[in-house]
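As structure tokens, the structure follows; a few thoughts come after it.
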Amino acid sequence: MRISRVLLATAIAFAMAAPALAQRTVSGDLQQQMTPAEFKAAGLDKLDAQELASLNDWLQGKVREETAVALEKAKEEGRQEVIVKNRGFLDFGSKEPIESTLVGEFRGFGKGQKYLLANGQEWEQTEPASLAGVRKDAPKVTIRPGIAGVWYLQVQGYNTQAKVRRVK
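The sequence shown runs 227 to 394 under my numbering.
As structure tokens, then:
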């Protein structure tokens with residue numbers, strides 16, 4: 227079967243647009259999906275019934291394939307969003323630290339003190355670790371997961387770390 231370049235370009239364009247096409251039900255063949263003018267302009271009117279059926283089958287397969295890929299990608303992006311949004315509340319198995327900056331001035335550690343991060347997270351110190359005499363405006367901080375759901379906050383430039391829990 228010989229397909230012209232215009233026909234091939236049209237078919238590829240449809241296949242690349244598969245995620246958008248998948249939002250509406252793709253049923254029927256190209257002749258039903260396109261206006262008569264679009265069908266003729268694409269050169270599809272030159273195909274015999276068997277060639278058109280083969281092209282429709284190929285296109286339907288591409289739409290299914292691209293839709294499956296797009297759905298899988300959307301699922302993974304959604305999963306990653308949930309993980310990032312809920313880090314610190316639940317253990318998702320990630321051992322990567324959270325790095326951000328504190329909003330406002332840091333004046334040392336103190337049990338019960340709350341720390342608002344630039345990424346929107348809020349953490350509360352749960353142990354009496356102290357770091358007195360410190361005044362830093364918007365310092366960089368790292369919050370690392372420990373064992374059994376425990377998290378530790380450390381301010382850049384200091385070795386002292388405080389046990390914290392996420393409250394927001």
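Here a beta-carbon is modelled for each residue, glycine too, at the ideal position from N, C-alpha and C.
Quick caveat: nothing in here was measured; it's all calculated off a predicted structure.
Which of helix, strand or coil DSSP assigns to residue i
{"i": "residue 392", "result": "strand"}
{"i": "residue 379", "result": "strand"}
{"i": "residue 290", "result": "helix"}
{"i": "residue 429", "result": "In this structure the chain extends from 227 to 394, so residue 429 is not present and cannot be described."}
{"i": "residue 353", "result": "coil"}
{"i": "residue 387", "result": "strand"}
{"i": "residue 274", "result": "coil"}
{"i": "residue 249", "result": "Low confidence applies here, because residue 249 scores a pLDDT of 45, under 50, leaving its location unreliable; read the following figure in that light. Looking at residue 249 - three-state DSSP - the assignment turns out to be helix."}
{"i": "residue 399", "result": "Here the chain has residues from 227 to 394 only, and residue 399 is not among them."}
{"i": "residue 285", "result": "helix"}
{"i": "residue 244", "result": "In this predicted model, residue 244 has a pLDDT of only 48, less than 50, meaning its place in the structure is not dependable; the value taken from the coordinates is given anyway. Three-state result, residue 244: helix."}
Endpoints, the beta strand (DSSP E) within which residue i is located
{"i": "residue 371", "result": "366-371"}
{"i": "residue 395", "result": "The structure shown does not extend to residue 395, since the chain spans only 227 to 394, so no value can be given for it."}
{"i": "residue 340", "result": "340-342"}
{"i": "residue 322", "result": "Premise fails: residue 322 is in no beta strand (DSSP E) and is neither H nor E."}
Nearest candidate by alpha-carbon position, reference residue i, set the options
{"i": "residue 360", "options": "289, 291, 391 and 381", "result": "381"}
{"i": "residue 271", "options": "325, 282, 257 and 284", "result": "257"}
{"i": "residue 386", "options": "357, 348 and 338", "result": "357"}
{"i": "residue 334", "options": "261, 274 and 388", "result": "388"}
{"i": "residue 188", "options": "255, 390, 313 and 268", "result": "Outside the displayed range of the chain (227 to 394) lies residue 188, so it cannot be described from this structure."}
Endpoints, the alpha helix (DSSP H) within which residue i is located
{"i": "residue 264", "result": "262-267"}
Cβ contact check for the segment 348-363 and the segment 275-283: 3 or more pairs under 8 Å: no
Validate contact between the segment 364-372 and the segment 319-330 using beta carbons, cut 8 Å, 3 pairs: yes
Given 8 Å, three or more beta-carbon pairs between the segment 292-308 and the segment 331-343: no
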